[in-house]
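Novice:
2 protein chains.
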Amino acid sequence: MTANSDDTRAAGPRSGDLLTIGQLSARSGIAHSALRYYESLGLIQATRTSGGQRRYSRGMLRRIAFVRAAQRVGLSLDEARDALDRLPERPAPSGSEWDRIATTWQDRIDEQIAELEWLKARLTGCIGCGCLSLTRCALHNADDRLGQAGPGAHYLRTHDPATELEGGR
Amino acid sequence: MTANSDDTRAAGPRSGDLLTIGQLSARSGIAHSALRYYESLGLIQATRTSGGQRRYSRGMLRRIAFVRAAQRVGLSLDEARDALDRLPERPAPSGSEWDRIATTWQDRIDEQIAELEWLKARLTGCIGCGCLSLTRCALHNADDRLGQAGPGAHYLRTHDPATELEGGR
DNA sequence: GTGCAACTTCAAGCGAACTTTAAGTCAAGC
DNA sequence: GCTTGACTTAAAGTTCGCTTGAAGTTGCAC
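Top line first, the protein sequences correspond to chains B and S.
Taken in order, the first sequence gives residues 46 to 214; the numbers are from our numbering.
Taken in order, the second sequence gives residues 46 to 214; the numbers are from our numbering.
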């Protein structure tokens, strides 16, 4: 960005609240290209200057934070947009819709933690047994557990986030 | 020209130790196509019948389980193969190399759990405050934390697994 | 008014992890 | 011997989440 003054926006008299894409990128840690990509997906919005440049309200930082949290919880960007679309866009999302999402996400987080704990426990067992015990070693016994999830790329996702969000309640 | 003149022993679907790709797929829960893909990457190996069909030893189930565990820990398939290559292929991996990997993975798991706990705690705060508190809400405050990791797609990976495995020797 | 960083669009490219398709071959039960 | 389903290869296609490149425009300090 230019070495213009250190406030958020030096240009216009009343533009104190608006961020350029470079500023939004710096604040959010998301690359310019990714922000434009997010805009193309409808995750964030921008107004335009008369010259066509994007200007973002500070509320976009909140939306980006929401998206990043959604990703960490395992949602795709499409799913994050759906969730955002259901939130009232006030000063901040509020009310039962947000409660519902937060609760759902916490459940998902708990599931992910539980799975990691399971894996960790099995690895601990392996260390203890030197991975030589056919009856106790995680990697020996894992195949008993492997077949249970059915075919497909289910190993990175243990459940379908869409059904979780849409049909869950 | 008999199908099983050799040690391959391709006499039938339930011929002792060797599995067809269909059987391996059923046992492991991994699609046929993915198994062939894994073979192309060197993650698993097969002998061949005189007719050219793959036959897998039961040890491949262990290797697949290892790969799946590696994926859950956040490794790429290439990294999983590197780890497999360093394990002695005995009845089971054993010894200090396995200890080292298991320990490294447990550290990674701990990190992932910690991050999930952090996110969960922030969501809990949001529920408590109805997401209206500018000072406490995770999504309001997240941007303060967002910029700290620098640019790039750092939000899904908080560290580089390659340096973890290679440099940590 | 000039210089230059920061911006614009659009399309193509990328990397990971697979899946799909097409056309053919093998294995085993009857 | 025939049939049928499981298998073979190679290449192309898919999805996700972006990044890169080219070529041009805007905004602002000097």
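Cβ atoms here follow ideal geometry from the backbone N, Cα and C, with glycine treated the same way.
Since this is a predicted model, take the numbers as computed values, not measurements.
In whole angstroms, what separates the C-alpha of Arg117(S) from that of Trp163(B)?
Specialist: 11 Å
Novice: Compute the Euclidean distance between the alpha carbons of Gln90(S) and Met105(S), then round it to the nearest angstrom.
Specialist: C-alpha separation (whole angstroms): 7 Å.
Novice: Cutting at 7 Å between CB atoms, please list the residues of its own chain near Asp62(B), excluding the five before and the five after it.
Specialist: Contacts found: Ser102 and Arg103.
Novice: Pick from Phe111(S), Ala79(S), Ile75(S) and Gly97(S): whose alpha carbon is nearest that of Trp143(S)?
Specialist: Just measuring C-alpha positions, the residue of Phe111(S), Ala79(S), Ile75(S) and Gly97(S) sitting nearest Trp143(S) is Phe111(S).
Novice: Using DSSP's beta-bridge definition, name the partner residues of Leu122(B).
Specialist: None; Leu122(B) has no bridge partner.
Novice: Identify, in the order they occur along the chain, each residue of the same chain with its Cβ nearer than 7 Å to the Cβ of Ser73(S), setting aside the five sequence neighbours on each side.
Specialist: Leu106 and Ile109
Novice: Quick one, are the C-beta atoms of Ala114(S) and Leu88(S) less than 8 Å apart?
Specialist: no
Novice: What separation, rounded to the nearest whole angstrom, lies between the Cα atoms of Arg145(S) and Ile158(S)?
Specialist: 20 Å
Novice: Consider the Cβ of Leu120(B): report whether some Cβ of chain S lies at a distance smaller than 8 Å.
Specialist: Chain S, which has no Cβ nearer than 8 Å to the Cβ of Leu120(B), makes this no.
Novice: Around the Cβ of Ser121(S), are there at least 16 other Cβ atoms within 10 angstroms (buried) or fewer (exposed)?
Specialist: exposed
Novice: Given that Leu168(S) touches chain B, what residues does it touch there, using C-beta distances under 7 Å?
Specialist: Neighbours of Leu168(S) on chain B, chain order: Ala147, Trp150 and Gln151.
Novice: Which residues in chain S sit within 9 Å of Ile154(B), going by Cβ to Cβ distance?
Specialist: Leu161, Glu162, Leu164, Lys165 and Leu168
Novice: Can you tell me which of Arg153(B), Arg99(B), Leu86(B) and Leu64(B) puts its alpha carbon nearest to the alpha carbon of Asp130(B)?
Specialist: Leu86(B)
Novice: Does any residue of chain S have a CB that is nearer than 8 Å to the CB of Gln157(B)?
Specialist: Yes, its Cβ sits closer than 8 Å to a Cβ of chain S.
Novice: Assuming Ala147(S) contacts Leu168(B) under a Cβ cut-off of 8 Å, what Cβ separation, rounded to an integer in Å, is found between them?
Specialist: 5 Å
Novice: Indicate whether Leu80(S) and Leu64(S) have their beta-carbon atoms separated by less than 8 Å.
Specialist: For Leu80(S) and Leu64(S), no; Cβs fall outside 8 Å.
Novice: In the DSSP output, which residue or residues are listed as bridge partners for Tyr82(B)?
Specialist: None, per the DSSP bridge assignment.
Novice: In the DSSP assignment, what are the bridge partners of Arg99(S)?
Specialist: Within the DSSP secondary-structure output, Arg99(S) pairs in a beta bridge with Arg93(S).
Novice: Would you mind stating whether Gly119(B) and Arg153(B) have Cβ atoms separated by less than 8 Å?
Specialist: yes
Novice: Tell me the rounded alpha-carbon separation between Asp123(B) and His77(S).
Specialist: 29 Å
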